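Chemist:
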Amino acid sequence: MKKIVLVLILFIEVITVSVSAQDTAIRYWGEPFNMKGTLTSSYKRHKAGTPLTIQGIVFRKENNKKPAILALIDSTQLYVPLRDSYLFAVEPKSAAEFWQSIALKCGMYQYFAKKGYRNSFRKELSNESQNYLIQLKDIDYHDSYVSDFVQSNFAAAYSVSIDPYRAEHLTVRVIASPDPDAFMLPNGTMVVSSGLLCTLDSEDELTAVITNEMCHYLLDHQLDNVVRAEARSRHAAFWGMFLGQLTNAALDAAINDDHNNKVAAGIAVASGIGTIVSLANVKDVNRLGMNYTLEQDALADSVATCFLQLKGMNVNALPSALYKIRQFYESQNVKKGIPRYVSCKWLTDRLNNLGGCDSVLVSPTYLKATANVVTSNARMYLDDKRYDYAEQLIRKNIKNGLADSQDYVILAQAKMNMTVTNESDEECLKLLDKAQEISTTTNMDIFRPRILLLMRLNRKDEATNVMQQYADALDNYSKQLGDNQKETEWVKSEKGWLDSLK
Numbered sequence: 145m146k147k148i149v150l151v152l153i154l155f156i157e158v159i160t161v162s163v164s165a166q167d168t169a170i171r172y173w174g175e176p177f178n179m180k181g182t183l184t185s186s187y188k189r190h191k192a193g194t195p196l197t198i199q200g201i202v203f204r205k206e207n208n209k210k211p212a213i214l215a216l217i218d219s220t221q222l223y224v225p226l227r228d229s230y231l232f233a234v235e236p237k238s239a240a241e242f243w244q245s246i247a248l249k250c251g252m253y254q255y256f257a258k259k260g261y262r263n264s265f266r267k268e269l270s271n272e273s274q275n276y277l278i279q280l281k282d283i284d285y286h287d288s289y290v291s292d293f294v295q296s297n298f299a300a301a302y303s304v305s306i307d308p309y310r311a312e313h314l315t316v317r318v319i320a321s322p323d324p325d326a327f328m329l330p331n332g333t334m335v336v337s338s339g340l341l342c343t344l345d346s347e348d349e350l351t352a353v354i355t356n357e358m359c360h361y362l363l364d365h366q367l368d369n370v371v372r373a374e375a376r377s378r379h380a381a382f383w384g385m386f387l388g389q390l391t392n393a394a395l396d397a398a399i400n401d402d403h404n405n406k407v408a409a410g411i412a413v414a415s416g417i418g419t420i421v422s423l424a425n426v427k428d429v430n431r432l433g434m435n436y437t438l439e440q441d442a443l444a445d446s447v448a449t450c451f452l453q454l455k456g457m458n459v460n461a462l463p464s465a466l467y468k469i470r471q472f473y474e475s476q477n478v479k480k481g482i483p484r485y486v487s488c489k490w491l492t493d494r495l496n497n498l499g500g501c502d503s504v505l506v507s508p509t510y511l512k513a514t515a516n517v518v519t520s521n522a523r524m525y526l527d528d529k530r531y532d533y534a535e536q537l538i539r540k541n542i543k544n545g546l547a548d549s550q551d552y553v554i555l556a557q558a559k560m561n562m563t564v565t566n567e568s569d570e571e572c573l574k575l576l577d578k579a580q581e582i583s584t585t586t587n588m589d590i591f592r593p594r595i596l597l598l599m600r601l602n603r604k605d606e607a608t609n610v611m612q613q614y615a616d617a618l619d620n621y622s623k624q625l626g627d628n629q630k631e632t633e634w635v636k637s638e639k640g641w642l643d644s645l646k
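So for the sequence shown, the numbering used here puts the first residue at 145; every next one is plus one.
Now the structure itself:
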């Protein structure tokens, strides 16, 4: 009897090994996984709570077009249909595993298996994105330190091997624009405005915003929205608009195959004038598929919160960031027509979905890293004659103990353009004194406003003395320029201005 039992056990083991041997000819969808987790309910002969390892999404030899989950459950290797992914409670340990789990729980493998990658559409969107970026090249923010700071936050939030079948290359661009914008273009480029860096106050907030936008990209929301818009356009051209909004809603469901509803369920399981240029307008946003629905934004918000939790960051970072962005637009008296964020009400709805904003975050390290961005944006506002906004930004650096000589010059220039009284002019002179006091080199920007203020106050002898100092400083500066044509022209212009005052 013992011999028979032993033979049966060996027979079962041989069958198990032979099945594994037959299935060695598998093809992984992307990189193999090594994601730990447990069963949420019984599966086959395995009980709920059984430890497991998801080893990847694979195509088996006998069914090359139908992917499955390759899982090791209680030392048994199984092929689990993608539709049963809800059975797995996974515990990602890295950014790569996190996005793999999101793709799995949000049904992205089924989505691509059914619809394909629609490469012709994807290429068109990539070309549109590249054309858009070319238009922005004149307002690139040229500061290697700040660019590296943003890049490091961006790199920490993604994995280069998320989906090797998508041809886009993930990168980041910082653009000099005062509005607090950030969006992921369909070609994989994350665009971050200097205005966003000024509006936020912590690394966690920046990571939250970046992760939120990255989620839209990885869940293919842009392509979905563009395909839906094109289908609507064709539909309207053929039938006219008499079918109304009801038909459009039905069409959305048909095009997406209820994809948004599926991914929402999945995440629940996964737990100016002058120098100012607007970064985007509503037309750009719509054309590139970034006119997200509130449901898409809610999903991305949930994913970003989960990522913050994984990284041990403050989970209130996203509400804090959205609160500050809304505050910015309210202070500018802009309530609607916000390209990326639609309206202040839209931001409020997102905040409510997140449970509101319990507290706002501040990080001294972040504030120090972005102090020069604050100065640069204040200069943009000053050149745009929006003096009150320039003052607000400079006050931020002063409050945080990060103001440099240039900040005090900008503040003096803003104030002398807003108020013309003897008291105000005297105050501006004190600001220029402060700028000169803390400057480690000759700050050429101090002379012109000081001359103008002294002339306003009818202190002609002092003004004449400063004019001579400025002329001498310009002569010394010109000797250091070499072939710098732009600065040479500036020196010539300033000397001409001085001559006009004599």
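Here a beta-carbon is modelled for each residue, glycine too, at the ideal position from N, C-alpha and C. Small disclaimer: the values here were computed from a predicted structure and weren't measured.
Return helix, strand or coil for Asp627, following the three-state DSSP convention.
Modeler: Coil.
Chemist: Between the alpha carbons of Tyr261 and Met588, how many angstroms are there, rounded?
Modeler: In a straight line, the C-alpha of Tyr261 is about 56 Å away from that of Met588.
Chemist: With distance defined between alpha-carbon atoms, name the residue in Asp532, Thr519 and Leu466 nearest to Leu495.
Modeler: When only C-alpha atoms are compared, the closest one is Leu466.
Chemist: Evaluate Glu349 with the Cβ neighbour count: other Cβ atoms within 10 Å of its Cβ, from every protein chain shown; 16 or more gives buried, anything less gives exposed.
Modeler: Buried.
Chemist: Would you kindly report the start and end of the unbroken alpha helix (DSSP H) that includes Tyr533?
Modeler: First-last of the alpha helix (DSSP H) with Tyr533: Tyr531 to Lys543.
Chemist: Look at the alpha carbon of Ser264 and the alpha carbon of Asn497, and state the distance between them as a whole number of angstroms.
Modeler: Computed Cα separation, rounded: 36 Å.
Chemist: Among Val318, Arg603 and Gln244, which one has its Cα closest to the Cα of Val517?
Modeler: Ranking Val318, Arg603 and Gln244 by Cα distance to Val517 puts Val318 first.
Chemist: Between Ile170, Leu601 and Met179, which has its C-alpha nearest Lys210's C-alpha?
Modeler: Closest by alpha carbon: Ile170.
Chemist: Report yes if the C-beta distance between Gln244 and Phe327 is below 8 Å; otherwise report no.
Modeler: Contact flag unset, no.
Chemist: Quick check on DSSP: helix, strand or coil for Tyr361?
Modeler: Correct three-state label for Tyr361: helix.
Chemist: Does the distance from the CB of Tyr525 to the CB of Met562 come in under 8 Å?
Modeler: Going by C-beta atoms, Tyr525 is not nearer than 8 Å to Met562.
Chemist: Per DSSP, which one or two residues make a beta bridge with Thr333?
Modeler: Bridge partners of Thr333: Thr315.
Chemist: Use the C-beta contact count for Phe382: other C-beta atoms within 10 angstroms, 16 or more gives buried, fewer gives exposed.
Modeler: Interpretation of Phe382 is limited by its pLDDT of 46, a score under 50 that renders its predicted location unreliable; no figure is taken from the coordinates.
Chemist: Of all the options Val371, Leu575 and Cys572, which has the alpha carbon lying nearest to the alpha carbon of Glu268?
Modeler: For Glu268, the nearest C-alpha among the options comes from Val371.
Chemist: Which same chain residues end up closer than 7 Å to Cys488 when comparing Cβ atoms and leaving out the 5 residues on each side of it in sequence?
Modeler: For Cys488, where only same-chain residues beyond five positions count, the Cβ hits under 7 Å are Arg470, Tyr473, Glu474 and Lys479.
Chemist: Mark Glu581 as exposed unless 16 or more other C-beta atoms lie within 10 angstroms of its C-beta, in which case mark it buried.
Modeler: Answer is exposed; the Cβ neighbour count stays below 16.
Chemist: With 16 as the cutoff for other CB atoms within 10 Å, does Ile354 come out buried or exposed?
Modeler: Its Cβ being crowded by 16 or more others within 10 Å, Ile354 is buried.
Chemist: Would the region 285–299 and the region 449–461 be scored as touching if the rule is three or more Cβ pairs under 8 Å?
Modeler: The answer is no - the region 449–461 does not touch the region 285–299, with fewer than three Cβ pairs under 8 Å.
Chemist: Counting Cβ pairs, one atom from each stretch, are 3 or more of them under 8 Å apart for the region 332–345 and the region 438–446?
Modeler: Not touching, per the Cβ criterion.
Chemist: Quick check on DSSP: helix, strand or coil for Asp577?
Modeler: Asp577: helix per DSSP, three-state reduction.
Chemist: Going by Cα to Cα distance, which pick from His286, Glu272 and Phe256 is closest to Pro308?
Modeler: If we check each option's Cα against that of Pro308, Phe256 comes out closest.
Chemist: Using a 10 Å radius around the Cβ and a threshold of 16 neighbouring Cβ atoms, would you call Gln557 buried or exposed?
Modeler: The residue is buried, with at least 16 neighbouring Cβ atoms inside 10 Å.
Chemist: Can you look up Gln221 in the DSSP assignment and give me helix, strand or coil?
Modeler: The answer is strand: DSSP assigns Gln221 an E or B state.
Chemist: Determine the contact status of Val504 and Lys468, defining contact as a CB-CB distance below 8 Å.
Modeler: For Val504 and Lys468, yes; Cβs fall inside 8 Å.
Chemist: Could you tell me how far apart the beta carbons of Tyr302 and Leu432 are, in whole angstroms, since I believe they sit closer than 8 Å?
Modeler: At roughly 19 Å, the Cβ-Cβ gap does not stay under 8 Å, so Tyr302 and Leu432 are not in contact.
Chemist: Following the continuous beta strand (DSSP E) through Thr586, name the residue where it begins and the one where it ends.
Modeler: It is not in any beta strand (DSSP E) - Thr586 carries neither H nor E in the DSSP assignment.
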